[in-house]
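Worksheet for the structure shown next.
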């Protein structure tokens, strides 16, 4: 498969005002020098705790949040250098499915109106007949009879609204879709339906996904490769099977250990030292060092580089040099 998206040293920083009248400021590194790629018809799963920067990464890749620095190469073209006008063709090729479908649906509009808006924007010459036929096909693709397009968002359940949000994302025939926790607010049975739908659409439409989630079971089901984020850094990347059989980074192993299992665990095991603690990332060293049972002085003072430990398995950790 050929390379669709390549991200190089992407960063997104915010300035946080503190003290009286905002006299003090602190730079928050939401995303800090991360690199990854997504191939055609591939799903890259991004997993991590809340606040690790995974959603910010997804939005920065689409330039919904402007990156502070770095390159975003879409089919070899650095879209960070494009003006808003020059970005328009890429808006069609790159879409997003939000965690909350209400973010993509205007409550005052029918489903038909919501689906028609992006189609008219990107295909201004489309006739009304072609538009109607396209909307009907979209409704059928996500499991609705065309007559449901006359309804309003509040008349649907959460899972149904999410399917409509997916229909809106694919309405302009994109190649790449950022899926920002699209099933995290749904019941498990509904999650399975939506995930199966997304896999079906990927096969039929030859889509590439960047799938963001905090749920390892979801990531395991949907992804071809897995990237683990912590404190704005990408600490491990591997093929899904390899990752779940041989997670290497201490934080990845903590995540795996936090998944509930029907066995009694030893509470004294040093592996679980990092679970449930809020830690401030080190400014110089590894961001996970304050929670890591295997941290050394080098970890506290030197940021580890990403290294390929085995073919296709990358880890940012001094333990694997």
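In full-length UniProt numbering, the protein residues as written are 1 to 321.
For every residue, glycine included, the Cβ atom is placed at its ideal position computed from N, Cα and C.
Among residues of its own chain, excluding the 5 on either side of residue i, which ones have a beta-carbon nearer than 8 Å to its beta-carbon?
i	result
residue 318	286, 296, 298, 299, 302 and 304
residue 310	242
residue 1	39, 40, 41 and 42
residue 227	36, 44, 45, 46, 47, 234, 236 and 237
residue 18	24, 25 and 26
residue 64	96
residue 145	139
residue 240	45, 219, 220, 223, 224, 225 and 226
For residue i, which of the options has the nearest alpha-carbon?
i	options	result
residue 152	309, 259, 210 and 112	112
residue 60	50, 141 and 72	72
residue 292	307, 314, 252 and 306	252
residue 122	182, 160 and 88	88
residue 255	219, 118, 167 and 239	219
residue 216	186, 193, 69 and 258	258
residue 169	306, 192 and 103	103
residue 206	224, 58, 183 and 174	174
residue 114	188, 150, 260 and 83	150
residue 94	157, 290, 246 and 209	209
If you drop the 5 nearest sequence neighbours on each side, which residues of the same chain put their C-beta closer than 7 Å to that of residue i?
i	result
residue 27	13 and 15
residue 148	111 and 139
residue 3	37 and 39
residue 50	214
residue 230	48, 52, 251, 287 and 288
residue 244	220
residue 278	The pLDDT assigned to residue 278 is 40, lower than 50, so where the model puts this residue is not dependable; a value taken from the coordinates is nonetheless given after this. Excluding sequence neighbours, residue 278 sits near nothing in its chain.
residue 182	97, 99, 162 and 194
Pop quiz: residue i and residue j are said to be a contact at Cβ under 8 Å. What is the actual Cβ separation, rounded to whole angstroms?
i	j	result
residue 5	residue 211	Residue 5 to residue 211, Cβ: 13 Å. No contact.
residue 180	residue 288	Going by Cβ atoms, the distance from residue 180 to residue 288 rounds to 24 Å, so no, they are not a contact pair.
residue 101	residue 142	The pair is not a contact, with the Cβ atoms about 12 Å apart (cut-off 8 Å).
residue 92	residue 172	5 Å
Measure the Cβ-Cβ separation of residue i and residue j and say whether it is below 8 Å.
i	j	result
residue 163	residue 197	yes
residue 105	residue 116	no
residue 31	residue 56	yes
residue 248	residue 315	yes
residue 67	residue 52	no
residue 186	residue 194	yes
residue 307	residue 321	yes
residue 70	residue 8	yes
residue 124	residue 154	no
residue 126	residue 135	no
Apart from the five residues just before and just after residue i, which ones in its own chain have a Cβ nearer than 6 Å to its Cβ?
i	result
residue 190	159
residue 232	29, 30, 31, 32 and 53
residue 34	10 and 234
residue 312	239
May I have a chain-ordered list of the alpha helix (DSSP H) segments no shorter than 4 residues that lie completely inside the segment 102-185?
-> Complete alpha helix (DSSP H) runs here, min 4: 111-122, 128-141 and 158-170.
Continuous alpha helix (DSSP H) assignments of at least 4 residues falling wholly in the segment 185-227 = Counting only runs of 4 or more, we get 188-205 and 216-222.
Along the chain, which unbroken stretches of the alpha helix (DSSP H) at least 4 residues long are found entirely within the segment 1-70?
-> Inside the segment 1-70, DSSP marks whole alpha helix (DSSP H) runs of 4 or more residues at positions 54-61, from first to last along the chain.
Uninterrupted beta strand (DSSP E) stretches inside the segment 284-310 (no shorter than 3 residues) = Within the segment 284-310, complete beta strand (DSSP E) segments of at least 3 residues are found at 306-310, given in chain order.
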